[in-house]
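Visitor: full-length UniProt numbering numbers the first residue of the sequence shown as 1 and each following residue consecutively.
Let me give you the structure first, and then I'll get to my questions.
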Amino acid sequence: MDALWAFAFTSFIIELTPGPNMAYLAVVAATQGRRPGYAAVAGVALGLGIVGALAAIGVAAIVSASEPLYQALRWAGVVYMLWLAWDGWRDGSEAIEHAPLGSSNWRYFRRGLITNLLNPKAAAFYVAVLPTFLTPGAILQETLWLSAIYVGVATAVHGTIVTLAGAARALFEDPKRERILRRTLAVALALVAIWFAFKTAR
Numbered sequence: 001m002d003a004l005w006a007f008a009f010t011s012f013i014i015e016l017t018p019g020p021n022m023a024y025l026a027v028v029a030a031t032q033g034r035r036p037g038y039a040a041v042a043g044v045a046l047g048l049g050i051v052g053a054l055a056a057i058g059v060a061a062i063v064s065a066s067e068p069l070y071q072a073l074r075w076a077g078v079v080y081m082l083w084l085a086w087d088g089w090r091d092g093s094e095a096i097e098h099a100p101l102g103s104s105n106w107r108y109f110r111r112g113l114i115t116n117l118l119n120p121k122a123a124a125f126y127v128a129v130l131p132t133f134l135t136p137g138a139i140l141q142e143t144l145w146l147s148a149i150y151v152g153v154a155t156a157v158h159g160t161i162v163t164l165a166g167a168a169r170a171l172f173e174d175p176k177r178e179r180i181l182r183r184t185l186a187v188a189l190a191l192v193a194i195w196f197a198f199k200t201a202r
């Protein structure tokens with residue numbers, strides 16, 4: 001139990017570190033509202049779960065060990081985040097307000113999922129951090145359990161970010177202020193993408 005609590009605390013600290021998930025979720029919740037934000041959180045959670053399952057069978061280790069695969073994944077993630085930033089800059093709520101609610105939420109769920117699947121930071125966590133909490137003899141089972149804990153902690157942090165950012169949305173109901181906020185956050189997301197490119201370089 002001590003090891004589980006230590007792992008949960010480590011996961012919590014790591015998730016508080018600014019990254020693509022935090023930036024993207026804040027953008028969605030502040031400009032589109034909590035419901036699309038929570039849909040994006042669900043997509044992020046599924047992405048983390050998939051990467052955790054792949055780590056359990058060794059795929060994450062293969063990606064981390066292969067320089068071409070790692071770099072391809074890394075740059076795909078950077079390009080995708082830059083595209084999201086551009087989409088937020090030019091698009092905003094105008095194209096979403098008249099879309100069916102289900103399709104709007106699915107759009108953000110899908111983007112949250114893709115953002116995580118293209119994030120080598122998640123794979124690096126499962127390869128570099130998680131194994132230090134494993135005990136010999138039950139590696140597969142423990143990897144799956146710890147992955148579930150990590151996804152739970154990350155989802156709680158991401159849900160809190162969406163709740164707080166969504167609460168601020170009422171301050172930007174004026175179209176002009178909403179446009180300024182949206183473009184400011186789009187620039188912030190682009191800067192995070194650039195930071196991410198340097199942070200994941202090796």
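Ideal Cβ positions, reconstructed from N, Cα and C, are used throughout, including at glycine.
Does the pairing of the segment 113-133 with the segment 9-21 give three or more beta-carbon distances under 8 Å?
Guide: Verdict: yes, contact present.
Visitor: How would you write the range of the alpha helix (DSSP H) that Ala-3 sits in, first residue to last?
Guide: Here the alpha helix (DSSP H) through Ala-3 covers 2-16.
Visitor: For Tyr-150 and Ser-11, what's the separation of their Cα atoms in angstroms?
Guide: Going by the C-alpha atoms only, they are around 6 Å apart.
Visitor: Counting pairs of beta carbons, one from the segment 36-51 and one from the segment 107-119, are three or more of them closer than 8 Å?
Guide: Output reads yes: the segment 107-119 touches the segment 36-51.
Visitor: When the Cα atoms are used, what is the spatial distance from Ala-25 to Val-78?
Guide: Note on residue identity: the sequence assigns Leu, not Ala, to residue 25. Straight-line Cα distance between these residues: approximately 16 Å.
Visitor: Candidates Trp-75, Leu-144 and Leu-113: which alpha carbon is nearest Trp-195's?
Guide: Residue Trp-75 is the option with its Cα nearest to Trp-195.
Visitor: The alpha helix (DSSP H) that contains Ile-50, what's its start and end?
Guide: That run of the alpha helix (DSSP H) goes 34-56.
Visitor: Report the three-state DSSP secondary structure of residue 220 (helix, strand or coil).
Guide: This structure cannot settle anything about residue 220, because the visible part of the chain is limited to 1 through 202.
Visitor: Hey, out of Trp-5, Ala-30, Phe-7 and Phe-9, whose CA is closest to Ile-180's CA?
Guide: Of Trp-5, Ala-30, Phe-7 and Phe-9, the residue nearest in Cα terms is Ala-30.
Visitor: If I measure Cβ to Cβ from Ser-147 and keep anything under 6 Å in the same chain, skipping five residues before and after, which residues do I get?
Guide: Same-chain partners within the cutoff: Gly-52.
Visitor: With distance defined between alpha-carbon atoms, name the residue in Ala-168, Gly-112, Ile-161 and Arg-35 nearest to Glu-15.
Guide: When only C-alpha atoms are compared, the closest one is Ile-161.
Visitor: Would you please verify whether the beta carbon of Leu-191 is less than 8 Å from any beta carbon of chain B?
Guide: Absent from the structure: chain B. Only one protein chain is present.
Visitor: Is the Cβ-Cβ distance between Ala-186 and Ala-85 less than 8 Å?
Guide: Yes.
Visitor: Of the choices Val-157, Ala-197 and Leu-130, whose alpha-carbon is the least far from that of Ala-3?
Guide: Ranking the options by Cα distance to Ala-3, first place goes to Leu-130.
Visitor: Starting from the C-beta of Ile-50, find all residues in its chain whose C-beta is less than 7 Å away, skip the five residues before and the five after it, and write them out in chain order.
Guide: Excluding residues within five positions, the ones whose Cβ falls inside 7 Å are Leu-117.
Visitor: Among Gly-33, Gly-37 and Ala-6, which residue has its Cα nearest to the Cα of Thr-155?
Guide: Among Gly-33, Gly-37 and Ala-6, the Cα nearest to that of Thr-155 is on Gly-37.
Visitor: Any idea what DSSP makes of Ala-201, helix, strand or coil?
Guide: Ala-201 falls in the coil class under three-state DSSP.
Visitor: Taking the alpha carbon of Leu-140 as the point to measure from, which residue in Ala-197, Phe-198, Ala-56 and Arg-34 has its own alpha carbon closest?
Guide: Out of Ala-197, Phe-198, Ala-56 and Arg-34, Ala-56 has the C-alpha closest to the C-alpha of Leu-140.
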